[in-house]
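Okay, structure first, notes after.
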Amino acid sequence: MYRAILCSTGNPDYGQYVAVSPSVVAKVQSIEEAVTACREYISEWNLGGGNWCGDAGKVFLSGKLVARIAYNGKVLQEQ
54 MYRAILCSTG NPDYGQYVAV SPSVVAKVQS IEEAVTACRE YISEWNLGGG
104 NWCGDAGKVF LSGKLVARIA YNGKVLQEQ
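Quick note on numbering: the sequence shown equals residues 54 to 132 in the working numbering.
Dropping the structure here:
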């Protein structure tokens with residue numbers, strides 16, 4: 054089972070100085086499901102690109118980082 058980190062940070066360009074959403078670890082069956090979880094989280098919390106940073110979108114399998122999901126949904130495979 055994969056685990057995807059869903060979180061945000063404040064965007065000072067919009068007067069946000071703390072996270073605008075709670076941190077969640079989504080348990081998913083595939084990278085594709087992780088992308089869906091990220092897109093739904095972004096939509097649910099109305100996050101902009103400036104809010105999606107840090108650990109947001111990191112995907113782990115058996116404790117090892119295997120991918121990162123960018124704000125636009127692009128999957129970046131880890132080596």
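Every residue gets a Cβ at the ideal spot worked out from N, C-alpha and C, and that includes glycine.
From a predicted model like this one, the values you see are computed outputs, not experimental measurements.
- Annotation: the stretch 84-120 contains the following complete segments of the beta strand (DSSP E) (minimum length 3 residues), in chain order: 111-114.
- Using a Cβ distance threshold of 9 Å, residue 62 and residue 104 count as a contacting pair.
- DSSP, reduced to helix, strand and coil, places residue 124 outside both helices and strands of the structure shown, so it counts as coil.
- One alpha carbon belongs to residue 123, the other to residue 102, and they sit about 9 Å apart.
- Taking C-beta separations shorter than 7 Å and ignoring five residues to either side along the sequence, the partners of residue 71 in its chain run 63, following chain order.
- A direct Cα-Cα distance of roughly 24 Å separates residue 91 from residue 68.
- In this structure, residue 120 sits away from residue 58, with a CB-CB distance that is not shorter than 9 Å.
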